[in-house]
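Residues -23 to -1, 1 to 185 in mature numbering (1 follows the signal peptide of the UniProt record, and there is no 0) are what the sequence shown spells out, letter by letter.
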Amino acid sequence: MMRHLSVALPFAAALALGGCATAVPPVEVTRFHNNAVAGWTPGTRYTVDSEPLGDAAAMADTATPSLEWDSYRRAVERQLQLQGLAPAPEGARAPLKVRIGFDRAIDESVGKRAPVSVGVGGSTGSYGSGVGLGVGINLGGGSRRMVDLQLSVRIDDAATGQALWEGRALTAVPVKAPANQPSLAAAKLAEALFKDFPGESGRTISVP
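Below you can see the structure in the form of structure tokens.
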């Protein structure tokens, strides 16, 4: 019995360490939406815009989305489908149009960083509210090289182009951490962004 226990303990410790190594720090999430979201029925179809949203478009060297953007697209689509939405067949039209963007930036500053301004929906706020959202968050500190990660998603009315739901998720991880891998980061950010969908409009939460 003791021999079995002595073998199991190192194995359990290795699993625990492995879990810590791949963990992503808490994610700051902000969402905005209007009443149309409540009217979506299970099976409502969507299409994903092939052009990356926002900063991701500027990061792209060509018109073809990057492999990293594709990781975020897959992660977001998984969450959309968990909410009951369904992808439209290729070439078909759908009532919802989804735009996805991501950004990563290495920060090597020492000590606490300046707050990050999160203006979901633009500098004048979302849905014509006229109120911008500035959220001061500390995405990490110390002298370690950190990567700031951000996922942005916007769901539009495909017919009018009006924004129905949008949000951003932000976190920071050490450059050399496994959690910096696109597939892991995308999955964590997307899961946090769609937690308790559609979320409380205009409120920023921290998702562990």
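Quick reminder that beta carbons are idealized off the backbone N, C-alpha and C, glycines included.
*My understanding is that Thr181 touches Leu166, with C-beta atoms under 8 Å, so please give their C-beta distance in whole angstroms.*
With a Cβ gap of about 15 Å, Thr181 and Leu166 do not count as contacting.
*Specify whether the segment 11 to 28 and the segment 49 to 64 touch according to this definition: at least 3 beta carbon pairs, one from each stretch, less than 8 Å apart.*
The segment 11 to 28 makes contact with the segment 49 to 64: 3 or more CB pairs, one atom from each, lie closer than 8 Å.
*Within 10 angstroms of its Cβ, does Gly176 collect 16 or more other Cβ (buried), or is it exposed?*
That one is buried.
*What does DSSP give as the partner residues of Gln139 in its beta bridges?*
The partner list for Gln139 (beta bridge, DSSP) is empty, contrary to what the question assumes.
*Taking the alpha carbon of Gly68 as the point to measure from, which residue in Val184, Val25 and Phe79 has its own alpha carbon closest?*
Measuring from the Cα of Gly68, the nearest candidate turns out to be Val25.
*Residue of Gln127, Ser160, Trp142 and Ser43 minimising C-alpha distance to Asn11*: Minimum Cα distance to Asn11 is reached at Trp142.
*Would Arg122 be called buried (16 or more neighbouring beta carbons within 10 Å of its own) or exposed?*
With fewer than 16 other Cβ atoms from the protein chains shown falling within 10 Å of its own Cβ, Arg122 counts as exposed.
*In its own chain, which residues sit with a C-beta less than 6 Å from the C-beta of Val75, not counting the 5 before and 5 after it?*
In its chain, beyond the 5 residues on either side, Tyr23, Val25 and Ile132 have a beta carbon closer than 6 Å to the beta carbon of Val75.
_Please report the straight-line C-alpha distance between Glu54 and Gly138, rounded to a whole angstrom._
Take the alpha-carbon of Glu54 and the one of Gly138: they are about 20 Å apart.
*Along the chain, where does the alpha helix (DSSP H) that runs through Val53 open and close?*
Here the alpha helix (DSSP H) through Val53 covers Leu44 to Leu59.
*asked:* For a test of the three-state rule: what should DSSP assign to Leu166, helix, strand or coil?
replied: Three-state DSSP puts Leu166 in a helix.
*Grouping DSSP H, G and I as helix and E and B as strand, with all else coil, what is Ala156?*
It is helical.
*Using a threshold of 7 Å, state whether the C-beta atoms of Val124 and Asn157 are closer than that.*
A contact, by the Cβ cut-off of 7 Å.
*Would you report the Cα separation of Ala136 and Gln127, rounded to the nearest angstrom?*
Linking Ala136 to Gln127 through their CA atoms gives a straight-line distance of about 28 Å.
*Taking the C-alpha atoms as reference points, what is the distance between Phe79 and Asp134?*
Approximately 21 Å between the Cα atoms of the pair.
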